[in-house]
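Inspection log for the structure reproduced underneath, given as structure tokens.
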Amino acid sequence: MRHGAIIPNERIESRIFFIRGKKVMFDRDLAWLYGVSTKVLNQAVKRNTKRFPDDDFMFQLTKVEFGMWRSQIVTSTGDARGLRYAPFVFTEQGIAMLSSVLNSERAIQVNIQIIKTFTRLRQLIATNKEILEKVEKMERKYDAQFKIVFDTLRKLLAPPEEPREYKIGFGRE
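The sequence shown runs contiguously to residue 1432 in the working numbering.
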């Protein structure tokens, strides 16, 4: 943990997900980080809807997205950690706006940490792109004997693929 950090960066990173092509955090995870209940966080957002104008700030998961997310959570009770409704997720812009609606010192400090984490992740992605470009240049230079090495490097540097939708059961085509 770095000097002045309230929460270890690894905890923040582990709660960032990629949904609809955006890096987001769930309302319940943000509430936990801020030290408030999910209900309090969502009520503060609802009282300040003008600060969260569109999907670039926050959105609610669809039933399909929620179902896919629930199916990937392993819980002993099988109830998706007690969730009855599809959660809201916040983008980096929405998270930045949260400190203005959750007016506490902890919210400000946690927001600073979260924004720094998003920035660091963006830098890592940019670095991977630069490395990938260098590998492609080297591949063009050298002959086929290194093809396996270059293919492996490209796979390691590629961003994760979004999960595919699979239908379970038998159906007619």
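We put the beta carbon where it would ideally sit given N, CA and C, even for glycine.
Give every residue of the same chain whose Cβ lies closer than 8 Å to the Cβ of residue i, excluding the five residues on either side of it in the sequence, and list them in chain order.
i	result
R1365	I1265, Y1293, G1294
K1322	A1345
K1396	none
L1380	E1272, I1275, K1282
I1278	L1320, E1324, V1348
Name the residue from the options whose alpha carbon lies nearest to the alpha carbon of residue i.
i	options	result
S1363	L1416, E1389, A1290	A1290
K1305	L1357, A1385, R1343, Q1372	L1357
Going by beta-carbon coordinates alone, are residue i and residue j separated by less than 8 Å?
i	j	result
F1325	V1283	no
M1317	F1276	no
V1360	R1310	yes
R1413	L1383	no
T1376	N1307	no
Can you find the residues in the same chain that come closer than 7 Å, C-beta to C-beta, to residue i, ignoring five residues on each side of it along the sequence?
i	result
E1315	Looking at the sequence provided, one finds Asp at residue 1315 rather than Glu. T1350, Q1352, listed in sequence order.
A1417	none
R1287	T1297, P1346
Since residue i and residue j should fall inside the 8 Å C-beta cutoff, what is the C-beta to C-beta distance between them, to a whole number of angstroms?
i	j	result
I1373	I1354	5 Å
Consider the Cβ of residue i: report whether some Cβ of chain C lies at a distance smaller than 8 Å.
i	result
Q1382	The question asks about chain C, but that chain is absent: this structure has only one protein chain.
What residues in its chain sit with their C-beta under 6 Å from that of residue i, if we drop five residues either side in the sequence?
i	result
I1367	S1358
Which ranges does the alpha helix (DSSP H) cover as unbroken runs of at least 4 residues, wholly within the stretch 1284-1369, from first to last along the chain? 1286-1293, 1297-1305, 1322-1331, 1351-1360
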